[in-house]
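Step one of this worksheet: look at the structure below.
Have a look at this one:
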């Protein structure tokens, strides 16, 4: 007899199985579904998600969350998840349906075995831990949305009426806008810092559902769908006089990307890509006009087109971000874009979702100057900063830890040899440091080898970030024995062995050896010691500590739960200050700040004291977000900063005393976030004046992740052109943009940069220039207008998805030590979505990077071939 089910469950109906739905029991805790960083369930069906979704169950309470390729569809009753699922809710996804049952009414359990098309779940370790207490055998299978945002809650319509997709989505937006307006007044008074940067309810997910996807509830529950009670969601912090932003426009639905068969790529290219280029691109990007230095009309055959990978990577980026075609031109549909991107993925970059992510190419990485200093500090216990005398490390992709640029010129090798001698001498001059090394001493000659092996292995484990091999140990112990034999003494032999290790490639480089280094298909997971090094040099810019090495020895570091716990511990450790001095210093311009030279005649208030105060403000602000695990959206806007008396006076803020920086609550929100800190405003100015172009370019590059192409020669001369001396800077820039070649980039950069014009070249606030009022109105790249810098920050927050992607890309570059490739795009998308689900917390970003396949795996590479 079939058993009755009293647990919350789904009834899944797949195509061809309409008469006998499949039963899916829901376990306690969280279950991930689809292709995610850690799958629990994989369903092979026409409605399977390209990414992943999740079901969260606590008792009879069930939340279903569906994460699409671009949009997020949520059912649940919290700010993070929307509204709780109700008994009888039906999710229609293309040809399949899921009916939710709470278990209040018993449902007969289907006794038939699962169909071959629906494999049983793959249970992860973390999932087992969550569901161990359950006595029922659990088979969790889900079907995920291949469509867009899901919000068809028929609250204002009789149950028998069916509204159109557009009517329902607009109804939801209006209802949430009314709720937003009511909450604005309440939260404007409270102004808690933790809420800064939130969207109005519904901004993240109100939109046009995909065709064929609907949600229906029993009539008695319809009143809860739209315009119900206040759920207690926190609204953004806004100024009391600031009007709430308008209800967001409908978000485009997710389009199912078509499959491009490998044996039909030529035909697919001719059928879909060539017509697309002819219809939307070739009028500008042809061999005659060649806008953007692209002649796309020349591509007629797929086998020829796929050779220009950089071209197609840029085409895909422009299409995905909707930067191209231009907003005033005819626009393609999402389906058309999806077809072209599908061909680029499959034909040009040979992406195969079944194979998982490509960890990318990583050159063996030398320790840069900062890493060398920090590693010696933690290895020996003395701050010597010997690398300060080394040649400067080259910068690539915005950072100085890029593996391809970290070579060893002959001069640097000489300095390594001298530095090794100085390190050992300093250690023997410091009783504590010497004691850490000399963990034993031979009392007689027969003990020399045993004691030397003990010292060498202990030091070598930490210096090489892994246990020494038998041959390495034997060679180093041989040096000690030779010194003793030559009457130089045991300790002199130890000193020689230490010097040998400190100039070894295994100390100077982060070595990850492969058994198949020339095979790009040979992807392997890092061993625990290699992973420990990647983690420690990412977060600490230094060697792993004893706890990381201990976990590596036990082979337990690769567990997801352990990685997450270690990331939290490492971020809380004082050594995470390295992330401020390295990543933040490059991203937020603290290092550049050391090189700028504002003209003392134009800006007499600028001096070294003010320069240092600005840098400290930026560093402390970043550290506050990192240490307290705050939202990364605070980088765009916040209600606090860190000031000392000198900087506060420069900003015109009263009540701050003393030389030491302190956390200051901001009443004037113009100063919130990093964009209006003195550091950013100064590095994006010229010596004698502001530079709206530089400021706009910095926002595009460092915040929105959409850098403009390099400027043409002579493009900086427009300010001093004849006949423009009496015009304002804004007027001169408007004339400059009349040149179509200039307007392509400056239409975006200038209008954003002009929004900061009330801050002078060193970040001091002003309302006029030479007696003329400064106008700071402008438009965002998508055409949205702003009247001042506060509204500009609001627009940036409304485009927080772009900022999340940008920050994710930059931190990935820093963590991996390489530039990102087209194959990393899906990872950036994945991390950005997880970041949103994690409340935009700083630790969520770091954890997702460390958990990624790109961080935890490596592959070989095709050997270089030299032409005749």
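Numbering (this note's numbering), first residue to last: 44 to 911. Glycine residues also receive a C-beta, built at the ideal position from the N, C-alpha and C atoms.
Check, Outcome
"Opposing strand residues paired with residue 708 [DSSP bridges]", "683"
"Opening and closing residue of the alpha helix (DSSP H) in which residue 802 lies", "Residue 802 -> no alpha helix (DSSP H), and no H or E assigned at all."
"Ranges of the alpha helix (DSSP H) found wholly within the stretch 472-522, counting only runs of at least 4", "474-480, 491-506"
"Residue 688 in three-state terms, based on DSSP", "helix"
"The alpha helix (DSSP H) enclosing residue 53, as first and last residue numbers", "Premise fails: residue 53 lies in the beta strand (DSSP E), 52-56, not in any alpha helix (DSSP H)."
"DSSP bridge partner residues for residue 828 (one or two, in chain order)", "822"
"With 16 other Cβ atoms within 10 Å as the buried cut-off, status of residue 716", "buried"
"Test item: CB-CB of residue 372 and residue 749 under 8 Å", "no"
"Rounded Cβ spacing between residue 368 and residue 323 (contact assumed at less than 8 Å)", "5 Å"
"Among 883, 464, 899, 799, the one whose alpha carbon lies nearest that of residue 834", "799"
"Cut-off 8 Å between Cβ atoms - residues of its own chain near residue 414, not counting five sequence neighbours on either side", "444, 580, 584, 585"
"Enclosing alpha helix (DSSP H) for residue 843 [first to last residue]", "843-859"
"Residue 852 and residue 404 closer than 8 Å at C-beta", "no"
"Beta carbon of residue 829 nearer than 8 Å to that of residue 838", "yes"
"Proximal residues to residue 865 (C-beta, below 6 Å), its chain only, five neighbours per side dropped", "356, 392"
"Residues sharing a beta bridge with residue 66, DSSP", "54"
"Expected contact under 8 Å - CB spacing of residue 888 and residue 878 to nearest Å", "5 Å"
"Beta carbon of residue 726 nearer than 8 Å to that of residue 639", "yes"
"Coarse secondary structure for residue 347, derived from DSSP in three states", "helix"
"Length at least 4, wholly inside the stretch 523-573: the alpha helix (DSSP H) runs in chain order", "533-545, 548-551"
"Endpoints, the beta strand (DSSP E) within which residue 382 is located", "First-last for residue 382: 377-386, but that is the alpha helix (DSSP H), not the beta strand (DSSP E)."
"Runs of alpha helix (DSSP H) wholly within the stretch 635-671 (minimum 4 residues, chain order)", "651-670"
"Cutoff 6 Å; reference residue 497; Cβ partners in own chain excluding five residues on either side", "483"
"Beta-carbon spacing of residue 898, residue 859 below 8 Å", "yes"
"Short Cβ contact (8 Å threshold) for residue 478 with residue 544", "no"
"Through-space distance from residue 349 to residue 616, alpha-carbon basis", "47 Å"
"Whether residue 722 touches residue 636 by CB criterion (8 Å)", "yes"
"The stretch 547-562 contacting the stretch 468-478, beta-carbon criterion three pairs below 8 Å", "no"
"Proximity below 8 Å, CB of residue 146 to CB of residue 51", "yes"
"Cut-off 7 Å between Cβ atoms - residues of its own chain near residue 459, not counting five sequence neighbours on either side", "546, 551"
"Residue 309, buried or exposed, once every other Cβ within 10 Å from all chains shown has been counted against 16", "exposed"
"Where the beta strand (DSSP E) containing residue 902 begins and where it ends", "900-902"
"Cβ separation of residue 792 and residue 751, assumed to be a contact under 8 Å, to the nearest whole Å", "6 Å"
"Cβ-Cβ separation, residue 662 to residue 707 (assumed contact under 8 Å), whole Å", "Not a contact, Cβ separation roughly 15 Å."
"Length at least 4, wholly inside the stretch 861-892: the alpha helix (DSSP H) runs in chain order", "868-880"
"Residues of its chain near residue 573, where Cβ-Cβ distance is below 6 Å and the 5 sequence neighbours each way are ignored", "555"
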